[in-house]
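Chemist:
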Amino acid sequence: MAKSKFPRGFEPITKKLRENQIIERLKNLYESTAKVLKNKTCESEKDVEENDCLKEDSVVYRHLLDHLISASLLENTNAEISILVACCIANTFGILSPDVPTNDNEKLKVCISNKWHEGILLFFVRQLNGLSRPTNDLYPRYLYLLECISAFNIFDLALELADDSSLILKELIKTSFNAVKENQGNDDRSVQSLIITQCSQLLQRIDQITNPVIDAIFYFLAPPQKFVNRESYRMAREFILKNQSTLEPYIQMFLNHVISESELPDCNLITERSILSIVFELYEFAPEIIYPILGSVVPKLKSEDVVIRKEIVKLLGLLFGSQRSRLAEHIPELWNAYMARFNDINEEVRLVCVSLSLNILIYHPELRGQVSGLLAARCHDINDGVRLESVTVIRKLALTKFEALNEDLLNCLAGRIRDKKAKVRHEAIRAAAAVHKFVYVGEQFTESEKASVGIIMKRILNFYYQPFLDDRLLIERLFVSDFVPFRIEVRKRMQILLDVFMKFDDVEIRSFGEIFSQQSRFRRFAREICKTLEEKGQSDASINSMIQVIAESKFVDIVASDKRMLKLLKYIFGHDYTTEKVENALIEVLQRLKDNKQIPEEVVSISVGFLERYSPLQFDSTAIEELLSLAASALEKEVSVDSDKSAKNIVKILKLLQIIADNYAHFLSTERIMLLFERIIKYKNDLIGPEYVIKTSVLKILSLVSYSDLLDDGSLRESCNRLIVHLNDRIRNGSPSTAKFAVRCIVKISDKESWKETLESVAKDSIANIDIANPRCATAIKALSSCCSYIPLFVKENFSDIVSKVLSEVVLKEFEECNGDNSFITAVPDKYDYYKIHYGNGVDDECLVRIFGMRLLCDFLMSLSREKIDGDYLKNLSNEVLKMFEKILLSHGELMSKSNSSDEFAGHLRLIAGSCIIKLASIPTFSPLVTADQLVLLGSLVHDDLRFVRRKICGKLAKHLNNIRLPVEYMGLFALIPLVKEDMDFYNSGTLLLEGCILRRKKFVAKEKAESIDISPYHKPEYAVAYGLYILANQDIFISASDASSLREMKECLWFLISAFHRRCDVNSLAQIMALLEHVKLLSDANAVELPEKIRLERNKKIWALADIGILMLSYRIPPFPTKNFTKLRLSKRFYIPGPSEKGHIYLPSEIIEEESKKTVKRKRNFSGSSTLKFTVVDKSKNMYGKERRNKTTSRKQIGSGNSEQKSEEFNNNDDEIEDVAVRKGSVRKPRKLDTLYEGMEHGFEEE
């Protein structure tokens, strides 16, 4: 029998066989070759002649190898066939080793000229990819193949391929590294070790390491492969470290070439973009490889190509920011070159420097000084993105490593709160809030570190009044979540509030209180809406008016359609709640909003923002008690120290309590709080000043609280009775302010019969002490004034001569008639009296008593107006008081013939007189009693020589006009503002006040018109022009209608009123003003009827001349607008009556007409040649949030200031911060807010 050329039992594999037959034969071959291979390993222990299995000629296995590496088997796509073939070939190599037939087998080199998978070695490489599937049934065979390859060094065959061996190594690295996945089981580390060992052996023995090999290694170091397969990334690192000495020169040569030439020769796995990431990864675990190539990087930092500079800067930023980096020490010139890139001309490069500076600041203290300075400079970068990134880096730095944040960076963060761009401002505010919360909530920070971030809250509160609604809403939301975080323990929360508040100045306290009042205000609106939705019969107008206050959205519709949500909101915005339950209820409400798919996202966003800002998450009864306990402890500590700082701290603590009482008064009705207040009121100390400050402030707080619902509580009733004893003593022996608030407190904490009896006794004692020479006169007047508000009929019936007594004994009494020496003595030291501080300089004791006297008369009349008494009596009494006020104004406040009083003294007296007239005019009972001459006389205060007088009187006018208390003729007083020549700030503020009054009146008239109520003559703002014209015509500086000089002044005053309507681009208003001016030409002065004819005619001519000026300005200064016929023009008969004006006659000098004609506006011509100009009626009263917006107004040119102009609300072109648009008085900034512009400065007449 002929000898077979294959091993015994093996049947050849042909193309005709089916796959299952091939698999069966290969399995048999695999088992037989494995058995032979196993026996071969034991031949060193047995005699070769005794081993029958190894008697066959090795030629048989050579033939078998030739048969197995045929193309049909190597190219078979069946995975099981391929792995069986590979295992059989590996076994055959093991049997033949070390006599593997490499010289004659040309198929080993097939991969050189043909496809890669046609060679045996590449076939083995391809099979190793099966290691990536450990759950596969064939995985044990793949693992067996790897073990055979490693045991018999099969890949040493690649050395026979000379230069092409690198190709085999590349494919081996790429496939085997990629085959290893994470969490493959216990065999994972052994598999990795076998692969790395096999690759390292081949790497060490090949002649040259080519770029494709480095390409394959780097492939696993660069993203995204680095993140896709972390095991392969770790294998690549381990492989490089194991063969560092071999790879180092090749890697350095490769990277030098890539960086210098910007190309990747023979690389198809990595890209140029990934090179820098690879360099950073190499630096992380093998920095010795990278140091020599960094010298070639320095020239690239100055490349003209922005992309190259950006990428190199990014690389260096990563290298310098590495936690273990010492690159700045080893290559200082590279560090200096990198630092220069912070000032690169390209914003993208600067942005990269800023973003990568974070790790340098965190991990390298020795470099912080340099980097912090450069980062601080970039906070003022001209590019918005760079400034935004700078703020973000500072925030991350503070939250990661606060000790690395120096004062400069903290100031820069606070400074960006005023950035021009909203996105930068908002990020700065959020970052500042996060840092503030991080420091104050953290236990690891010291008091000095907490103090260092105090500037943050101060800057934000200073910014709160700026005219940007988005910013204010963001601050209000962060106030709840970050500044006084609600998610921390109650006592700590209140301690944070107290600590932060103690660092505020007056401006910040004002903003702080405004945030509280906004929360309280919107919670009240929410309660009203919930109540309205439950009650039937409410008008749609009342509901819509409340909806518009909150937001122009479907918020109310959402609540009305969901009863569960309505119930939750009633609890959230009610009075009986706890913060924990509110938080849970709020979470449920927000979830219901988000789950309702029918609600637009914009509505959901607005509603969520509203709930987050105004839900009571910070304060409940427990929190208020904790705060009061902390405040009481702080007060006890401060009053024991005799220093100015302690006195200021006492005032601040009491201001905080007052803010709490203003907005959370319903939480103060507890016995514990009453006992606390009682202890403070009984406090005695040698420092008499702080004692009065404490008592006055506590009484003011108590006067805000109502205990009527708890009077049945025995323990609380007992506390109230003890308090009343102390309050009676304060009324008679305390300061004026103490007496005022003590009266209010008695009314609050007593039943009606008790407090009436007490106040009647107080009134009798006060009347007895009303004498300017009496040291207790000021306190007596103030106490009586407060009593008049509650028992006016008792005062009227028992003290019928009170008006004459006050006039003769206080207001009009000569100071030298007082008994005693020339020094006026009061019971309270000047330093600590509330009203001395309230009114400021120029208010001595004499002035203060006279002010109280005038205010007492005003308060008494107002109290009587609320009672049903004889009309003639009240009218006569009112006329007497009004004449006294008129006398003060006519005398410019200099009542006493021999008085040596200062200008400020007289200024305060005439200011109080004017304020009292305005307040009486705001009452319907007294409004008709104020004559036209008295109204004209009030105008003298608008352009008063003293700044505080004109500012405060305008604030009073705006306040009552905006509240729709004063008739529209008082708005005409604003026409006198341009007569103040040198006060540009007053002019701009007056412009804003006037525009605010116009806007408020228009809204009011529109609302009343919708309800079919005709109130045009009384409240329509256009009528202010006609009344302003009358006031101007009766000014002393307006000599005659023929005087061109005075006419020019009056012309600018009248234009001040008209231009306010012109800026609104409201053609209807302009047309009505034109009709009013033409109507005035047909009327005459109602108060000149009894004057001589010559004087009467001259007064009328001044009115008609001003009407002509108004018509002239409307014709020449304003583009053409359509006129209308207004048939119902009704002006008050107190000012105008039908007159003998000549129709069509012009009462202006020709030079005035000629001057005005030169100011004709340019008109666009249509094809017919007629003058046309499109006028769009735009409602600028609302912004996108439905809130009232402020119109930007351009100020007039200041005399002597050239062409300089200012805008009240604009950005500073010389810096990247917003101009401070607030009004300052000294160091205290006042908000430019239309309805509160002069709030806090209206000390001439305090609202009761």
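Note that the sequence shown ends on residue 1248 in the UniProt record's numbering; no numbers are left out. Just so it is clear, CB atoms sit at the ideal spot from N, CA and C, and this is done for glycine as well.
For the candidate residues G609, D595, P134, A585, whose alpha-carbon lies nearest to that of Q519?
Modeler: The count along the sequence shown starts at 1 and reaches residue 519 at position 519. Residue G609 is the option with its Cα nearest to Q519.
Chemist: Using a Cβ-Cβ cut-off of 6 Å (strictly less than) and excluding sequence neighbours within five positions of I89, which residues of its own chain qualify?
Modeler: The residue labelled residue 89 in the question sits at position 89 within the sequence shown. If we look at I89 and ignore the five residues flanking it on each side, its Cβ neighbours are L68.
Chemist: In this structure, what does DSSP give as the bridge partners for L1083?
Modeler: Locating residue 1083 in the sequence shown gives position 1083, where the first residue counts as 1. P1138, per the DSSP bridge assignment.
Chemist: So, F93 versus I154, is the Cβ gap smaller than 9 Å?
Modeler: Stepping through the sequence shown from its first residue, residue 93 is reached at position 93. Stepping through the sequence shown from its first residue, residue 154 is reached at position 154. Yes, they are a contact pair.
Chemist: Whose C-alpha, out of I650, M854, V559, Y664, is nearest the C-alpha of D620?
Modeler: Taking the first residue of the sequence shown as position 1, residue 620 is located at position 620. Restricting attention to I650, M854, V559, Y664, the CA atom closest to the CA of D620 is found in Y664.
Chemist: The alpha helix (DSSP H) that contains I394, what's its start and end?
Modeler: Position 394 of the sequence shown holds residue 394. Where I394 is concerned, the enclosing alpha helix (DSSP H) stretches over 384–400.
Chemist: Under a three-way DSSP split, which group does D801 fall into?
Modeler: What you label residue 801 is simply residue 801 of the sequence shown in a count that begins at 1. Note: D801 maps to coil in three-state DSSP.
Chemist: Inspect the beta-carbon positions of I206 and A236 and report whether they are closer than 9 Å.
Modeler: For the purposes of this step, residue 206 is taken as the residue at position 206 of the sequence shown. For the purposes of this step, residue 236 is taken as the residue at position 236 of the sequence shown. Contact: no.
Chemist: Only counting the same chain, and skipping five residues up and downstream in sequence, which positions put a Cβ closer than 6 Å to that of I289?
Modeler: Position 289 of the sequence shown, counted from the start, is the residue given in the question as residue 289. Closer than 6 Å at the Cβ level, and outside the excluded window around I289, lie E248, I251, L282.
Chemist: Leaving aside the five residues before and after L929 along the sequence, list all residues of the same chain whose C-beta is less than 7 Å from its C-beta, in chain order.
Modeler: Numbered from 1 along the sequence shown, position 929 holds the residue referred to as residue 929. Hits under 7 Å: K875, S878, N879, L882.
Chemist: Could you tell me how far apart the beta carbons of Y142 and L128 are, in whole angstroms, since I believe they sit closer than 8 Å?
Modeler: Along the sequence shown, one-based indexing puts residue 142 at 142. Along the sequence shown, one-based indexing puts residue 128 at 128. Contact holds; Cβ gap of about 7 Å.
Chemist: Is R416 close to the ligand FMN? I mean its beta-carbon at under 8 Å from any heavy atom of the ligand.
Modeler: This structure lacks the ligand FMN, and indeed carries no ligand of any kind.
Chemist: Between the stretch 436–448 and the stretch 404–411, do three or more beta carbon pairs fall short of 8 Å?
Modeler: The stretch 436–448 is not in contact with the stretch 404–411.
Chemist: Which residue comes first and which comes last in the alpha helix (DSSP H) that contains F177?
Modeler: As a working note, residue 177 is residue 177 in the sequence shown. Residues 165–179.
Chemist: With a 10 Å radius around its C-beta and 16 neighbouring C-beta atoms as the bar for buried, classify E602 as buried or exposed.
Modeler: Mapped onto the sequence shown, residue 602 falls at position 602. Burial state of E602 is exposed, judged by a 10 Å Cβ sphere holding fewer than 16 other Cβ atoms.
Chemist: Short of 6 Å in beta carbon distance, which residues of its chain neighbour F504, apart from the five on each side in sequence? Order them along the chain.
Modeler: Residue mapping note: residue 504 aligns to position 504 of the sequence shown, counting from 1. Cβ neighbours of F504 within its own chain (closer than 6 Å, five residues either side excluded): none.
Chemist: Kindly indicate the opening and closing residues of the alpha helix (DSSP H) around residue 1281.
Modeler: Residue 1281 lies beyond the residue range present for the chain, which begins at 1 and ends at 1248; the question has no answer from this structure.
Chemist: Would you mind working out which of A328, H364, S1157 sits nearest Y1116, comparing C-alpha positions?
Modeler: For the purposes of this step, residue 1116 is taken as the residue at position 1116 of the sequence shown. Of A328, H364, S1157, the residue nearest in Cα terms is S1157.
Chemist: Looking only at C-alpha atoms, which of A1088, C788, L1106, Q1072 sits nearest to K1081?
Modeler: Translated into the one-based positions of the sequence shown, residue 1081 becomes position 1081. Measuring from the Cα of K1081, the nearest candidate turns out to be L1106.
Chemist: Around the Cβ of L172, are there at least 16 other Cβ atoms within 10 angstroms (buried) or fewer (exposed)?
Modeler: Stepping through the sequence shown from its first residue, residue 172 is reached at position 172. The residue is buried, with at least 16 neighbouring Cβ atoms inside 10 Å.
Chemist: Between the Cα of A778 and the Cα atoms of L856, T579, F6, which residue gives the shortest distance?
Modeler: Position 778 of the sequence shown, counting from 1, holds the residue named residue 778. Of the listed residues, the one whose Cα sits closest to A778 is L856.
Chemist: Is I767 near W755, with beta carbons less than 9 Å apart?
Modeler: Within the sequence shown, numbered from 1, the residue matching residue 767 stands at position 767. Within the sequence shown, numbered from 1, the residue matching residue 755 stands at position 755. Result no, Cβ atoms of I767 and W755 do not sit closer than 9 Å.
Chemist: Indicate the three-state DSSP secondary structure (helix, strand or coil) for D419 in the structure shown.
Modeler: Here residue 419 refers to the residue found at position 419 of the sequence shown. D419 falls in the strand class under three-state DSSP.
Chemist: Mapping DSSP to helix, strand and coil, what is Y1018?
Modeler: For this step, residue 1018 is matched to residue 1018 along the sequence shown. Three-state DSSP puts Y1018 in a helix.
Chemist: Between V36, E625, Q466, which has its C-alpha nearest L96's C-alpha?
Modeler: Taking the sequence shown and counting its residues from 1, one reaches residue 96 at position 96. Residue V36 is the option with its Cα nearest to L96.
Chemist: Indicate whether the contact test is met: 3 or more Cβ pairs, each with one atom in the stretch 943–963 and one in the stretch 903–917, closer than 8 Å.
Modeler: Verdict: yes, contact present.
Chemist: What's the C-alpha gap between K959 and L1076?
Modeler: Residue 959 sits at position 959 when you count from the first residue of the sequence shown. Residue 1076 sits at position 1076 when you count from the first residue of the sequence shown. Going from the Cα of K959 to the Cα of L1076 covers about 26 Å.
Chemist: Would you mind stating whether A451 and C412 have Cβ atoms separated by less than 9 Å?
Modeler: Residue 451 sits at position 451 when you count from the first residue of the sequence shown. Residue 412 sits at position 412 when you count from the first residue of the sequence shown. In this structure, C412 does not lie closer than 9 Å to A451 by Cβ.
Chemist: May I ask you to verify whether the stretch 315–322 touches the stretch 360–373, counting CB pairs closer than 8 Å and requiring at least 3?
Modeler: yes
Chemist: Within the stretch 297–370, note down every full alpha helix (DSSP H) run reaching 4 residues or more, in order along the chain.
Modeler: 306–321, 327–330, 332–340, 347–363
Chemist: Beta-carbon within less than 8 Å of V349's beta-carbon, same chain only, minus the 5 sequence neighbours each way: which residues are those?
Modeler: Locating residue 349 in the sequence shown gives position 349, counting from the first residue. V306, R309, K310, V313, R341, listed in sequence order.
Chemist: So what's S922 in DSSP terms, helix, strand or just coil?
Modeler: On the sequence shown, residue 922 is found 922 positions in, with the first residue counted as 1. S922: coil per DSSP, three-state reduction.
Chemist: Can you tell me whether DSSP reads V227 as helix, strand or coil?
Modeler: For the purposes of this step, residue 227 is taken as the residue at position 227 of the sequence shown. Checking the displayed sequence, the identity of residue 227 turns out to be Phe instead of Val. F227: helix per DSSP, three-state reduction.
Chemist: Where do the ends of the alpha helix (DSSP H) carrying K567 lie?
Modeler: Counted from its first residue, the sequence shown places residue 567 at position 567. Run containing K567: 563–572, per the alpha helix (DSSP H) assignment.
Chemist: Taking all protein chains shown into account, decide if K782 is buried (16 or more other Cβ within 10 angstroms of its Cβ) or exposed.
Modeler: Mapped onto the sequence shown, residue 782 falls at position 782. With 16 or more Cβ atoms within 10 Å of its Cβ, K782 is classed as buried.
Chemist: Grouping DSSP H, G and I as helix and E and B as strand, with all else coil, what is V641?
Modeler: Position 641 of the sequence shown holds residue 641. V641: coil per DSSP, three-state reduction.
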